[in-house]
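Chains as they are written, first to last, in UniProt numbering: chain F, 1 to 215; chain C, 1 to 215. In this text, a Cβ means the ideal position worked out from N, Cα and C, and glycines have one as well. Report on one structure; see the data block that follows.
Dropping the structure here:
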């Protein structure tokens, strides 16, 4: 299929469209105008029309968007109709939260393995997947066609582990470690830096407090 | 203190500067040039100079930046030298991960309370803070000067709980629920939508796979 290049800004907004359309479907809504979608999502209707026009005429004048069709098509664009083998490295609270994340498999992410350094966790299963020790990681990655690894390990280990994973075929890292990973340019890294999110919150709350004390 | 308005784009980059400067300090580095910092952070030296100039002359020609001073000043700008009372609502794996987050208190976030609906968790302590039931939440917020609430609860409950919190004085929501919260404009909301992060990863991995299959 020919597909024109879509800007990362549009791509960045697609998951939110997908989420809203999913909620509409759950609520039994079959079609929606860009104006109604605009009010719900608090973005302009013209932005919605522009964004969705990237994928060809999902909308019809006077009819609006077919919710289920649009949901399915955006899902395809996001690759959610494909399977991706994923492992989680670090099975502390955060790793367990990810492993138990219900939407994982409905979105095509197949949880293949869990790894930790704590020997007391060896063999313990989370959603039917046994926790393995780190010395098995390299062979496991080589033999199981692992595309994505989620890293919820301390930053002191993350860089070294990420490099080993990539050398052995992992294409993408979902990085929760509090560090940037230095990896080859074609490796996909999606960072979730909770500490940075918390600092933004801190900045905004502090500014809010100062402004209100001045009043 | 007079402080000029700083753009949200700069604010968004400050936590990353803070993290790098912290790592430099840990490594015993006392000063660094914008060129060296640029190489480490993979941003241009001119961007660094521009960003840091917002806060007045931390750098000196031919000397570079004093790492500790800059770290401390950025920390102040981010409000990390102030205390913020925080509660966590939803003490599943993700809530526990946040509660156990070691950097919390060193950054001025004081964990005041934990709340859940599961009666088996009542009274169980995480880092010395007992888990309370949701029917105590409202009074607790009113009586304990709670500024920030982290929400790690299902989306079906999140909107209602967030509205109640804000009515009773909470100023900021750290939102992990898979939904947008409709709150008054002056409420600070910092969203961490893990599912959207995962979908961006899915898009990029899928595109990577298509490109390499075409070769």
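What do you get for residue 124 of chain F, buried or exposed, if any count of 16 or more other CB atoms within 10 angstroms of its CB means buried?
exposed
Using the beta-carbon of each residue, which ones in chain F are nearer than 7 Å to residue 147 of chain C?
205
Could you give the C-beta distance for residue 195 of chain C and residue 159 of chain C, rounded to a whole number, given that I count them as a contact under 8 Å?
With a Cβ gap of about 17 Å, residue 195 of chain C and residue 159 of chain C do not count as contacting.
Within the same chain, show all residues whose beta-carbon is closer than 6 Å to that of residue 203 of chain C, passing over the 5 residues directly before and after it, in chain order.
none
Just the Cα atoms here: how many angstroms apart are residue 2 of chain F and residue 99 of chain F?
Because residue 2 of chain F sits at a pLDDT of 45, beneath the cut-off of 50, its placement in the model cannot be relied upon, and the following sentence gives the value as read from the coordinates. If you take the alpha carbons of residue 2 of chain F and residue 99 of chain F, they lie about 35 Å apart.
Rounded to a whole number of angstroms, what is the C-alpha to C-alpha distance between residue 84 of chain F and residue 54 of chain C?
44 Å
Does the beta carbon of residue 199 of chain F sit closer than 7 Å to a beta carbon anywhere in chain C?
yes
Output, in sequence order along the chain, the residues in the stretch 82-97 of chain C whose CB is closer than 8 Å to any CB in chain F.
82, 84, 92, 93, 94, 96, 97
Provide the residue(s) that pair with residue 31 of chain C in DSSP beta bridges, ordered along the chain.
C:66
Using 8 Å as the threshold, is the stretch 66-77 of chain F in touch with the stretch 8-20 of chain F, meaning 3 or more CB pairs across them?
yes
Use the C-beta contact count for residue 44 of chain F: other C-beta atoms within 10 angstroms, 16 or more gives buried, fewer gives exposed.
exposed
Whole runs of the beta strand (DSSP E) within the UniProt domain "CoA-binding" (79-180) of chain C, excluding any shorter than 3 residues
84-89, 109-116, 129-133, 148-151, 172-175
So that I know if they touch, is there some Cβ in chain C lying closer than 7 Å to that of residue 202 of chain F?
yes
Tell whether a beta-carbon distance below 7 Å holds between residue 140 of chain F and residue 169 of chain F.
no
How about residue 87 of chain C and residue 153 of chain C: do their beta carbons lie closer than 7 Å?
no
If contacts are defined as beta-carbon pairs under 8 Å, then residue 104 of chain F and residue 94 of chain F qualify, I think. What distance do you get, rounded to the angstrom?
Actually they are not in contact, since the Cβ atoms of residue 104 of chain F and residue 94 of chain F sit about 14 Å apart, beyond 8 Å.
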